[in-house]
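Residue 233 is where the sequence shown starts when you use the working numbering, and the numbers rise one by one after that.
Glycine is no exception: its CB is placed at the ideal position from the N, C-alpha and C atoms.
Since the model is a prediction, treat every value here as computed from it, not as a measurement.
Let me begin by presenting the structure, written as structure tokens, before commenting on it.
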Amino acid sequence: MNSQNQVESTLKEILEVVKPLHEDWVTRIKIINELREVVQSIENLRGATVEPFGSFVSNLFSRWGDLDISIEVSFGQCVSSAGKKRKQTLLGELLRALRKQGDFELKFIPSARVPILKIVSKWQNISCDISIDNIQGEIKSKFLFWLNEIDGRFRDMVLLVKEWAKANGINNPKTGTFNSYSLSLLVIFHFQTCVPPILPPLKDIYPTNVVDDLTGAKVDAERRIAQVCSSNIARFKSSTSRIVNRSSLSELFISFIAKFSEINSKASELGICTFTGQWEYIANNTRWLPRTYAIFIEDPFEQPENSARAVGQKQLIKIAEVLPKYSSAGTSGCAITFANAVPSVAAAVQELKAFNLANAASRSENGALNTETTVSICEYEGAEWTAPAKPSISEAEPFGPTRSGLSASATTDSETKDR
Numbered sequence: 233m234n235s236q237n238q239v240e241s242t243l244k245e246i247l248e249v250v251k252p253l254h255e256d257w258v259t260r261i262k263i264i265n266e267l268r269e270v271v272q273s274i275e276n277l278r279g280a281t282v283e284p285f286g287s288f289v290s291n292l293f294s295r296w297g298d299l300d301i302s303i304e305v306s307f308g309q310c311v312s313s314a315g316k317k318r319k320q321t322l323l324g325e326l327l328r329a330l331r332k333q334g335d336f337e338l339k340f341i342p343s344a345r346v347p348i349l350k351i352v353s354k355w356q357n358i359s360c361d362i363s364i365d366n367i368q369g370e371i372k373s374k375f376l377f378w379l380n381e382i383d384g385r386f387r388d389m390v391l392l393v394k395e396w397a398k399a400n401g402i403n404n405p406k407t408g409t410f411n412s413y414s415l416s417l418l419v420i421f422h423f424q425t426c427v428p429p430i431l432p433p434l435k436d437i438y439p440t441n442v443v444d445d446l447t448g449a450k451v452d453a454e455r456r457i458a459q460v461c462s463s464n465i466a467r468f469k470s471s472t473s474r475i476v477n478r479s480s481l482s483e484l485f486i487s488f489i490a491k492f493s494e495i496n497s498k499a500s501e502l503g504i505c506t507f508t509g510q511w512e513y514i515a516n517n518t519r520w521l522p523r524t525y526a527i528f529i530e531d532p533f534e535q536p537e538n539s540a541r542a543v544g545q546k547q548l549i550k551i552a553e554v555l556p557k558y559s560s561a562g563t564s565g566c567a568i569t570f571a572n573a574v575p576s577v578a579a580a581v582q583e584l585k586a587f588n589l590a591n592a593a594s595r596s597e598n599g600a601l602n603t604e605t606t607v608s609i610c611e612y613e614g615a616e617w618t619a620p621a622k623p624s625i626s627e628a629e630p631f632g633p634t635r636s637g638l639s640a641s642a643t644t645d646s647e648t649k650d651r
């Protein structure tokens, strides 16, 4: 096996371990429905809806990924947002109700830019961040889900990049490194600047600032945005003048590392703009001034917010040190170093290999393919998940088949966050 094939095989094995199974979807849906019951038991929240968003809705979460929940107190009629004090009060009431139930570990962060109630299910060990009226987060999540309709490699790359970043300690905004949203934007930017490009500038999908158009009736605003995006995505995919990029996953991952290996030196003058699909000079962009951040990755849906505002200068230096290490490791060394960086992933990959080897031996003995137990590293590719209609997420069809041969207990406590 040549080095390129070895990298491709290693990355797909990592994906096979990272991608959620049927039971991972079911577990999160159960938590969401439990929260709905608690919310409806609170007098000031009766009639409010409990809406998931983030990586769960965009289908970009890993097996140990967390949940993001928005409690909508506008009752789905108008796009509005409770004031910060009102949000703090409502989350405080939810905190007391959940404390009485006793099934969750609780942490209230009322002073955050967006007040958050962090909970962890004692039974499933799934972390969940709850906010009030986070419609911006909901629409951003849907937009990322729609991007995967253009090219399925987007989801695979986001999962790999997030896992790689966690393995190297640079996917934690609490310590001044990237959050998962900014890493997703880096993948979008990489796909926009490949030759030929895989994704268009996001202005070609939605030509204005998305959050500015979240006005009026919520259902109408969401429908207008979805229709524009759907039409433009269809136009991009059907364009006869578009040259199709056929790069393998390994080529995309290695070129991602190479592209951002000098991010520290570039960040002093250039910002990353997925809306235009190019590097932008900070000094020439009045909406980004005055520059007070170590790195600027503009939120394309909420301009001119910086999605990487948590990254500090010292941490950017750390990030800059990680990237060249992988870039200089060589083609095969890059993926192998990544695969071994997280013990739980490395162990699960070996378990997967052993499981498939045992199945292969069984098939050889029986002379037939055992379709019920075979695990293919590509079995998730091309699958789709449609976000459930409100208000019942329990009607959604979970994504991916059950795989009993792979243990879900391999992750450690420090690896349960997918932030």
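Neighbourhood of residue i by C-beta, 8 Å cutoff - its chain only, sequence neighbours within 5 removed
i	result
Gly408	Ala542, Val543, Gly544, Lys546, Gln547
Ile475	Pro428
Euclidean distance between Cα positions of residue i and residue j
i	j	result
Gly334	Leu323	16 Å
Leu415	Phe336	29 Å
Asp300	Leu418	21 Å
Val282	Gln238	44 Å
Leu267	Asp388	30 Å
Ser487	Ser273	51 Å
Ser412	Gly448	30 Å
Val270	Ser500	48 Å
Ile437	Ile465	6 Å
Gln535	Asn441	6 Å
Pro432	Pro439	12 Å
Ile529	Ile264	31 Å
Ile495	Val390	18 Å
Ser493	Val554	8 Å
Gln236	Glu512	33 Å
Ala280	Ser462	29 Å
Lys398	Phe288	18 Å
Lys406	Glu454	32 Å
Phe340	Phe285	19 Å
Lys450	Thr472	36 Å
Spatial neighbours of residue i in its chain, beta-carbon cut-off 7 Å, leaving aside the 5 residues before and after
i	result
Lys662	Because the chain here runs from 233 to 651, residue 662 falls outside it and cannot be looked at.
Leu392	Leu243, Ile246, Leu247, Phe485
Lys649	In this predicted model, Lys649 has a pLDDT of only 44, less than 50, meaning its place in the structure is not dependable; the value taken from the coordinates is given anyway. Correct list, in chain order: Asp298, Ser359.
Ser480	Glu240
Val460	Tyr438
Leu502	Trp511, Glu512, Tyr513, Ile514
Beta bridge counterpart(s) of residue i as assigned by DSSP
i	result
Gln368	None, per the DSSP bridge assignment.
Glu530	Asn538
Ile348	Ile341
Three-state class that DSSP yields for residue i in the structure shown
i	result
Tyr438	coil
Asp383	coil
Ser479	coil
Leu502	strand
Leu521	coil
Asp256	helix
Phe340	strand
Ser487	helix
Ser353	strand
Glu248	helix
Gln510	strand
Ser363	strand
Glu537	coil
Glu553	helix
Glu494	coil
Ile358	coil
Ser373	helix
Ser241	helix
Val543	coil
Spatial neighbours of residue i in its chain, beta-carbon cut-off 6 Å, leaving aside the 5 residues before and after
i	result
Thr506	Leu417, Ile420, Phe421, Leu434, Pro532
Thr259	Gln356
Val352	Glu337, Ser359
Pro347	Lys319, Gln320, Leu323
Ile527	Ala499, Ala540, Val543, Leu548
Asn477	Cys426, Pro428, Ile430
Ser343	none
Glu395	Val250
Ile551	Ile402
Leu468	As written in the sequence, residue 468 is Phe, which differs from the Leu given in the question. So the qualifying residues of the chain are Pro432.
Glu537	Asp531
Legend entry - Unbroken stretches of the beta strand (DSSP E), 3 residues or longer, contained in the region 263 to 335: 281 to 285, 299 to 304
Inset, instruction - Identify every run of the alpha helix (DSSP H) within the region 386 to 456, keeping only runs that are complete inside it and at least 4 residues long; order them along the chain. - result: 412 to 425
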